[in-house]
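Scroll down for the structure; my scribbles are underneath it.
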Amino acid sequence: MKMKDMVAIVTGSSRGIGKAIAKAYAREGAKVVVAARTEAEGGRLPGTIHKTVEEIEELGGKAIAVRCDVTNEEEVNAMVDKTMQEFGKIDVLFNNAGILFLSNIVETPLRRWNLIMNVNITGPFLCSKAVLPYMMEQRRGSIINMTSIVANSRKPGEVCYAVTKSALERFTLGLAEEVRDYNIAVNALGPGLIKTEAAVLLKFTDDWSGWEKPESVGAPAIFLALQDAKSFTGKVVHAPEFQVSWP
Numbered sequence: 362m363k364m365k366d367m368v369a370i371v372t373g374s375s376r377g378i379g380k381a382i383a384k385a386y387a388r389e390g391a392k393v394v395v396a397a398r399t400e401a402e403g404g405r406l407p408g409t410i411h412k413t414v415e416e417i418e419e420l421g422g423k424a425i426a427v428r429c430d431v432t433n434e435e436e437v438n439a440m441v442d443k444t445m446q447e448f449g450k451i452d453v454l455f456n457n458a459g460i461l462f463l464s465n466i467v468e469t470p471l472r473r474w475n476l477i478m479n480v481n482i483t484g485p486f487l488c489s490k491a492v493l494p495y496m497m498e499q500r501r502g503s504i505i506n507m508t509s510i511v512a513n514s515r516k517p518g519e520v521c522y523a524v525t526k527s528a529l530e531r532f533t534l535g536l537a538e539e540v541r542d543y544n545i546a547v548n549a550l551g552p553g554l555i556k557t558e559a560a561v562l563l564k565f566t567d568d569w570s571g572w573e574k575p576e577s578v579g580a581p582a583i584f585l586a587l588q589d590a591k592s593f594t595g596k597v598v599h600a601p602e603f604q605v606s607w608p
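Take a look at the structure:
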């Protein structure tokens, strides 16, 4: 098992790509903190943190569910405290939690703009800030930020989302240099086209033939989790190119 005895936090892991990554880590022996806001069924999308933990335990893995709004600093700090109390260390943080909002700028309410900025940029900042003291003390760790090919988009209607992912990539590159001397890897991973519950709900396409399952992100996510500053850091990479153009 590649991640035996490692401890990984995966935000936004009640469903979709985050859930697939959490389960992939568990299969490789990691103890997983399943962090997200959804504790009970009944919303527009299926999945809860408890369901993800249940599925990990069915695989023979170890996981705990922690309700966490990544835009709330108190909740983020409480999540990290819970992780340390339960497992005593943090090896990996995967900042997966995010929201997608597509709209022309003139039709975008300020509250929606602020929300996507808070979740997609402030969230990774708060989570990274909270885990870094422990990783720095260990002098090892890996932080992975979920980016998107939309980071470079100029398409009308994608400006808000593109801004957040472009900013997150810059955050990734800068943070990688800040913590390089502590042997902490910081990278950004784009998943490619993934058929998630949200993508289906939002009817992204009528033809899903070129879209991958969330599980396709597992292998590159595992590779990045195993890195440190000496091996692979300060990179923006994409899952469909794994073992083709990188590492």
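In the working numbering, the protein residues as written are 362 to 608. No residue lacks a Cβ here, since even glycine has one placed at the ideal position from N, Cα and C.
Query                                                                                                                                                               : Result
On a CA-only basis, which of T469, M364, I505 is nearest P517? Give me that one, please.                                                                            : T469
Residues in the same chain with beta-carbon distance under 7 Å from L406, minus the five sequence neighbours each way, listed in chain order, please.               : R376, E558, A559, L562
Quick check on DSSP: helix, strand or coil for A537?                                                                                                                : helix
From this set, R398, I382, D542, L529, which residue's C-alpha is nearest V453's C-alpha?                                                                           : I382
From L587, K526, R501, D567, pick the residue whose C-alpha is nearest to that of V540; which is it?                                                                : R501
Could you check if Q446 is buried or exposed, using at least 16 other CB atoms within 10 Å of its CB as the buried criterion?                                       : exposed
Tell me which residues share the same chain as I482 and place their Cβ nearer than 8 Å to its Cβ, disregarding the 5 neighbours each side in the sequence.          : T525, A528, L529, F532
In the DSSP assignment, find the unbroken beta strand (DSSP E) run with T372 in it and report its ends.                                                             : 368-372
Nearest CA to the CA of G390: which residue from I378, H411, M367, Y522?                                                                                            : M367
Please name the residue or residues paired with L454 in a DSSP beta bridge.                                                                                         : I370, I504
Helix or strand or just coil, what does DSSP make of N548?                                                                                                          : strand
Any idea what DSSP makes of F603, helix, strand or coil?                                                                                                            : strand
Is the CB-CB distance between V520 and I466 below 8 Å?                                                                                                              : yes
Just list the beta strand (DSSP E) runs in the segment 384-449, keeping only unbroken ones of 3 residues or longer that don't cross its boundaries, in chain order. : 392-397, 423-428
On the premise that F584 lies in contact with P608, defined as a C-beta separation below 8 Å, what is that separation, rounded to the nearest angstrom?             : 7 Å
My understanding is that I555 touches W572, with C-beta atoms under 8 Å, so please give their C-beta distance in whole angstroms.                                   : 6 Å
Going by C-alpha to C-alpha distance, which of K591, P575, A491 sits closest to E538?                                                                               : K591
Please check the pair K363 and P575, which I expect to be a contact at CB under 8 Å, by giving their CB distance rounded to whole angstroms.                        : About 19 Å; that fails the 8 Å criterion.
Where A580 and D567 are concerned, what is the direct C-alpha to C-alpha distance, given to the nearest angstrom?                                                   : 28 Å
Using 10 angstroms around the beta-carbon of Q588, count the other beta-carbons present and answer buried if the total reaches 16, otherwise exposed.               : buried
With H, G and I counted as helix, E and B as strand and the rest as coil, what does DSSP make of E468?                                                              : helix
Nearest-angstrom Cα distance between V582 and L471?                                                                                                                 : Note that residue 582 corresponds to Ala in the displayed sequence, not to Val. Each residue's alpha carbon lies about 34 Å from the other.
Let me check understanding here. Comparing Cα to Cα, which of Q499, M497, V480 lies closest to T508?                                                                : V480
Can the beta-carbon of F455 be found less than 8 Å from the beta-carbon of I370?                                                                                    : yes
Report the partner residues of V492 according to the DSSP bridge assignment.                                                                                        : None, per the DSSP bridge assignment.
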